[in-house]
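The sequence shown begins at 25 in the numbering used here and counts up by one. Read through the structure below, which is laid out as structure tokens, and then see the notes.
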Amino acid sequence: MIGITFIYEENPERLRPLEEDGPDALHDLTVVNMEVMNSLDFAVLCGKSVKWNQGEPAVLRDDLVVVRVAPEALDHVLGGQHARLNSDQLADLDRLKMFVMQHGKEHAWEFATF
25 MIGITFIYEE NPERLRPLEE DGPDALHDLT VVNMEVMNSL DFAVLCGKSV KWNQGEPAVL
85 RDDLVVVRVA PEALDHVLGG QHARLNSDQL ADLDRLKMFV MQHGKEHAWE FATF
């Protein structure tokens, strides 16, 4: 995966334009972009104890996916100790933490491109 953006959206129907318009539809949503971390990084931080994604994708194309992030996965990742991460990765975690503090974790979605 090349890029990852987190979306806050209570109504999954508002994610539908992403299926047709791709990243161009992000401007109508509340988002935070990660600079260096990707989907695999977050899944690895969860380890085997917590599943990162929850349910089926809301949008699935050949070049992108939108999936709900499990609230318990956000708790696990944002509450953990990450001594092995570099400063850029820690900055991404800080961005995500601020986003979750502002919008909550119950309606967090991951938008990832391949």
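For every residue, glycine included, the Cβ atom is placed at its ideal position computed from N, Cα and C.
In the structure shown, what three-state DSSP assignment does residue 25 receive?
-> Low per-residue confidence applies at residue 25: pLDDT is 46, beneath 50, and the placement is therefore not dependable enough to give any value.
Where does residue 134 fall in DSSP's three states?
-> strand
Helix, strand or coil for residue 94 per DSSP?
-> coil
CA-CA distance, residue 104 and residue 38?
-> 31 Å
Could you give the C-beta distance for residue 98 and residue 132, rounded to a whole number, given that I count them as a contact under 8 Å?
-> 6 Å
Distance between residue 30 and residue 134 (C-alpha atoms, nearest Å) | 5 Å
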